[in-house]
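**Q** Next up is a structure, given as structure tokens.
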Amino acid sequence: MTRPAILGLGPVCALGAGTVALIEGLEGRCQPLVEDRQVGIAKGPVPLKIYTSKTAGLERFAPRASLRRTEPFAQQALLAAYLAFEDAGLVPGQMNQSRVAVVFGSAWGCLKAGFAFQDSSIAHGDICSSPTHFSSSTHNAPASQVSIALGLAGPAMTLSCFEQTFGAALQAARNLLDNGSADYVLVGVGDEICPVTEYALAQRRGPAPDLDPLAFDKCTWALGGGFCCLLLGRGSQSPKYGYLEEIFMGTRVEDAPLKSLDAVFLAANGDSATGSAYRTAALASKRSFANANLFGSFPTANALDLAVACLCLREGRLLAPGDPQASRPSRLGCLQIDTYGSVQLFIVSNTSN
Amino acid sequence: LNLGEGAGLLVLESRQSAEKRGAKVLASVMGYGNASDAFHPTAPHPEGLGLKRATLAALNQAGLAPADIGCLNVHGTSTSANDAAEGKVIDEIFGSKLPFVSTKSYTGHAMGAAGGLEAVFTVMALLDQKLPASLGFETMDPQCRVAPVTSNTNLSARYGLSNSLAFGGVNSVLAFGVEA
Numbered sequence: 118m119t120r121p122a123i124l125g126l127g128p129v130c131a132l133g134a135g136t137v138a139l140i141e142g143l144e145g146r147c148q149p150l151v152e153d154r155q156v157g158i159a160k161g162p163v164p165l166k167i168y169t170s171k172t173a174g175l176e177r178f179a180p181r182a183s184l185r186r187t188e189p190f191a192q193q194a195l196l197a198a199y200l201a202f203e204d205a206g207l208v209p210g211q212m213n214q215s216r217v218a219v220v221f222g223s224a225w226g227c228l229k230a231g232f233a234f235q236d237s238s239i240a241h242g243d244i245c246s247s248p249t250h251f252s253s254s255t256h257n258a259p260a261s262q263v264s265i266a267l268g269l270a271g272p273a274m275t276l277s278c279f280e281q282t283f284g285a286a287l288q289a290a291r292n293l294l295d296n297g298s299a300d301y302v303l304v305g306v307g308d309e310i311c312p313v314t315e316y317a318l319a320q321r322r323g324p325a326p327d328l329d330p331l332a333f334d335k336c337t338w339a340l341g342g343g344f345c346c347l348l349l350g351r352g353s354q355s356p357k358y359g360y361l362e363e364i365f366m367g368t369r370v371e372d373a374p375l376k377s378l379d380a381v382f383l384a385a386n387g388d389s390a391t392g393s394a395y396r397t398a399a400l401a402s403k404r405s406f407a408n409a410n411l412f413g414s415f416p417t418a419n420a421l422d423l424a425v426a427c428l429c430l431r432e433g434r435l436l437a438p439g440d441p442q443a444s445r446p447s448r449l450g451c452l453q454i455d456t457y458g459s460v461q462l463f464i465v466s467n468t469s470n
Numbered sequence: 006l007n008l009g010e011g012a013g014l015l016v017l018e019s020r021q022s023a024e025k026r027g028a029k030v031l032a033s034v035m036g037y038g039n040a041s042d043a044f045h046p047t048a049p050h051p052e053g054l055g056l057k058r059a060t061l062a063a064l065n066q067a068g069l070a071p072a073d074i075g076c077l078n079v080h081g082t083s084t085s086a087n088d089a090a091e092g093k094v095i096d097e098i099f100g101s102k103l104p105f106v107s108t109k110s111y112t113g114h115a116m117g118a119a120g121g122l123e124a125v126f127t128v129m130a131l132l133d134q135k136l137p138a139s140l141g142f143e144t145m146d147p148q149c150r151v152a153p154v155t156s157n158t159n160l161s162a163r164y165g166l167s168n169s170l171a172f173g174g175v176n177s178v179l180a181f182g183v184e185a
């Protein structure tokens, strides 16, 4: 099985866009954009904290006019894609574009476009409903926008399996490299928030405390959104961020090879339903971190965890506030546990075979 | 185009494992191909460039030539843009003799479930050596170049393909085979 080389990262989240913003956030030098919102429900307004992702900087890659009909979620995906190629030092137009695959994923999909399409259909009837919102509402709209904008004509697919989305996308990407279908894979996942998800959260839970992913017994979940792309290549290519060493999928935390890792990044996101399993994982690990307080809570945020692990390998230290020691990590993991008990562990390393 | 709904599932197992437990193997997934048009958010490339590359990739991965393919379950949405592009690719790669059907004429377009359903139909066509008639086909659109089977058709096919296309110019082709 191919050990994909990780060549470039394109994170877009509440900390901003790009690896510099991510590092600054991890080291406590910048704060995530967290908006305080009053969400009206039948019982009255509920205060919520919302981690908002911004696409400032996209104009650097694409003329504003060309983005006129591109929905905000697809704009996040576009920015993440451009950043990943730029980070890798590769220009799509100078590559054999039919050998570059796009594997995207989203748990929630294009929520704003989907609800906007329904709103326009309800308000104006099917004759006058927005065709742009219709085409932008499908899960694979971001992948198509990226394929078109960057001219990527290799295999393209979009997956959606909630918290297992990123793991499935990584598996698919590795398979495409392994069976020779592509030389590079742009793998990216993300989710966006919208007024309906805010309303649903307010109905379900009420006012939220500050998100604390390591308070395993408490429910501190806070809505977030973002998109993260990784550019993968074959194992023989010189990797900027090391290699995707292993994708573990199981149903028991105890089976995950946590002890072999220098540190593990937990996708714990303030959901007490998975808290005890994450506690077990933290206890079984040499060192553990959780960064949902920087990104917010959303099902595909574990791609940002993998970006963080890659940056730690690149920087030669564990990027965390108050952790200045140069620990020279060489093998890091990102652990995702979903509410149905599925366990996914992605291991990255900077060691050559 | 008519909407539909449903589900189609295949149980996959490695050949080694199936043979070890003496299972009856219905068919084999010989290969697949996937390629993007990178052309338009909703319309296929008018020459079907992505579908052509996906078809050739599936044949290549399966180790098959176009002449080995005995039947095809097309995406066949009955929209002018899809049918014209898909017809051109069929004509270019297989010529006009390959029997094909759009089973969406029976099920409607089940969107995300269409690929699964049509994979099942393709395997069943190979197992039964029969392709059902395309319902509702009356007049040949010259843009399409090729016509589907209009009556229940006996096959002599060991290998078959199933096409699935999607918004965003995504094209995927599955190649199935049955024992001789």
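Going down the list, the protein sequences come from chains A and B.
Last residue of the first sequence: 470 in the numbering used here, with the numbers rising by one and none dropped.
Last residue of the second sequence: 185 in the numbering used here, with the numbers rising by one and none dropped.
Glycine included, each C-beta is placed from N, C-alpha and C at the ideal position.
1) What does a CB cutoff of less than 7 Å around A:A198 pick up in its chain, not counting 5 residues either side in sequence?
2) Is there contact between the segment 112-129 of chain B and the segment 56-74 of chain B, where contact requires at least three CB pairs shorter than 8 Å?
3) Quick check on the DSSP output: the beta strand (DSSP E) that includes B:R58 runs from which residue to which?
4) Closer than 8 Å, CB to CB, is A:M212 near chain B or not?
5) Just to confirm, is the Cβ distance from A:A380 to A:F406 under 8 Å?
6) Give me, in chain order, the residues of the same chain whose beta-carbon lies closer than 6 Å to that of B:V125; leave out the 5 immediate sequence neighbours on both sides.
7) Tell me the DSSP bridge mates of B:V175?
8) I need the boundaries of the beta strand (DSSP E) containing A:L449, first residue and last residue.
9) Report the option in A:Y395, A:D308 and A:E432 whose CA atom is closest to the CA atom of A:T169.
10) Using 8 Å as the limit for Cβ to Cβ distance, is B:S156 near chain A?
11) State the DSSP-derived secondary structure class of B:E143, mapped to helix, strand or coil.
12) From B:A36 to B:I74, what does the alpha carbon distance come to, in whole angstroms?
13) To be precise: take each residue of the segment 150-176 of chain B, compare its Cβ to all Cβ atoms of chain A, and keep it if any distance is under 8 Å. Which residues remain?
14) Should B:N157 go down as buried or exposed, given a rule of 16 or more other Cβ atoms within 10 Å for buried?
15) Note down, in chain order, each residue of its chain lying with its Cβ closer than 8 Å to the Cβ of B:D88, except the 5 sequence neighbours on either side.
16) Is the separation between the beta-carbon of A:L452 and that of A:L436 shorter than 8 Å?
17) Where does A:D153 sit, in a helix, a strand or coil, going by DSSP?
18) In this structure, what does DSSP give as the bridge partners for A:N296?
19) For B:L17, is the classification buried or exposed, using 16 other Cβ atoms within 10 angstroms of its Cβ as the cut-off for buried?
20) In chain order, which continuous runs of the beta strand (DSSP E) of length 3 or greater are located wholly inside the segment 196-282 of chain A?
21) Any contact between the segment 42-50 of chain B and the segment 169-177 of chain B? By contact I mean 3 or more CB pairs, one from each, below 8 Å.
22) Look up B:V154 in the DSSP assignment and say whether it is helix, strand or coil.
23) Check the Cβ-Cβ distances between A:T314 and every residue of chain B, and say whether any is below 8 Å.
24) For A:S247, which residues in chain B fall below 9 Å Cβ to Cβ?
25) On the DSSP bridge list, what partners appear for B:H114?
26) By the criterion of Cβ-Cβ separation under 8 Å, what are the contact partners of A:M274 in chain B?
27) Pick helix, strand or coil for B:C149, following the three-state DSSP scheme.
28) Per DSSP, what kind of secondary structure is A:C311 in: helix, strand or coil?
29) Smallest Cα separation from A:A273: which of B:N7, B:D96, B:R58 and B:S19?
**A** By the coordinates alone:
1) Sequence index remark: in the first sequence, residue 198 of chain A carries index 81 (1-based). Hits under 7 Å: G127, V263, L267, L303, G305 and C346.
2) no
3) The sequence position of residue 58 of chain B within the second sequence is 53, counting from 1. Premise fails: B:R58 lies in the alpha helix (DSSP H), L54 to A67, not in any beta strand (DSSP E).
4) Numbered from its first residue, the first sequence carries residue 212 of chain A at position 95. Judged by the 8 Å Cβ criterion, A:M212 is not in contact with chain B.
5) Here the question's residue 380 of chain A lines up with position 263 in the first sequence. Here the question's residue 406 of chain A lines up with position 289 in the first sequence. It is a contact, given that the beta carbons lie within the stated cut-off.
6) Locating residue 125 of chain B in the second sequence gives position 120, counting from the first residue. For B:V125, where only same-chain residues beyond five positions count, the Cβ hits under 6 Å are G13.
7) Here the question's residue 175 of chain B lines up with position 170 in the second sequence. According to DSSP, B:V175 bridges with B:S41 and B:A171.
8) Within the first sequence, the letter at position 332 stands for residue 449 of chain A. That run of the beta strand (DSSP E) goes R448 to I454.
9) Here residue 169 of chain A corresponds to residue number 52 of the first sequence, with the count starting at 1. Nearest C-alpha to A:T169: A:D308.
10) The residue given as residue 156 of chain B occupies position 151 in the second sequence. By this cut-off, B:S156 is not an interface position.
11) On the second sequence, residue 143 of chain B is found 138 positions in, with the first residue counted as 1. Note: B:E143 maps to coil in three-state DSSP.
12) In the second sequence, the residue the question calls residue 36 of chain B occupies position 31. In the second sequence, the residue the question calls residue 74 of chain B occupies position 69. Looking at the sequence shown, residue 36 of chain B is not Ala but Gly. Spanning the two alpha carbons is a distance of roughly 13 Å.
13) A171, F172, G173, G174 and V175
14) For this step, residue 157 of chain B is matched to residue 152 along the second sequence. Its Cβ having fewer than 16 others within 10 Å, B:N157 is exposed.
15) As a working mapping, residue 88 of chain B is identified with position 83 in the second sequence. Closer than 8 Å at Cβ, skipping near neighbours: G81, T82, D146, Q148 and C149.
16) Here residue 452 of chain A refers to the residue found at position 335 of the first sequence. Here residue 436 of chain A refers to the residue found at position 319 of the first sequence. No, these two residues do not count as a Cβ contact at 8 Å.
17) As a first step, residue 153 of chain A is located in the first sequence; it is residue number 36 there, counting from the start. DSSP places A:D153 in strand when its eight states are reduced to three.
18) Your numbering for residue 296 of chain A matches position 179 in the first sequence. DSSP, once it has assigned bridges, lists no residue as partnering A:N296.
19) Translated into positions along the second sequence, residue 17 of chain B becomes position 12. Exposed, because fewer than 16 other Cβ atoms sit within 10 Å of the Cβ of B:L17.
20) 217-222 and 273-276
21) yes
22) Numbered from its first residue, the second sequence carries residue 154 of chain B at position 149. If DSSP states are grouped into helix, strand and coil, B:V154 belongs with coil.
23) Within the first sequence, the letter at position 197 stands for residue 314 of chain A. No - not a single Cβ of chain B is within 8 Å of the one on A:T314.
24) Along the first sequence, one-based indexing puts residue 247 of chain A at 130. Simply none; closest approach about 13 Å.
25) The residue labelled residue 114 of chain B in the question sits at position 109 within the second sequence. Paired residues: B:L8.
26) Mapped onto the first sequence, residue 274 of chain A falls at position 157. Near A:M274 (Cβ distances below 8 Å), the residues of chain B are N39, V175 and S177.
27) Stepping through the second sequence from its first residue, residue 149 of chain B is reached at position 144. Note: B:C149 maps to helix in three-state DSSP.
28) As a first step, residue 311 of chain A is located in the first sequence; it is residue number 194 there, counting from the start. The answer is coil: DSSP assigns A:C311 none of H, G, I, E or B.
29) Taking the first residue of the first sequence as 1, we reach residue 273 of chain A at position 156. Per the Cα distances, B:R58.
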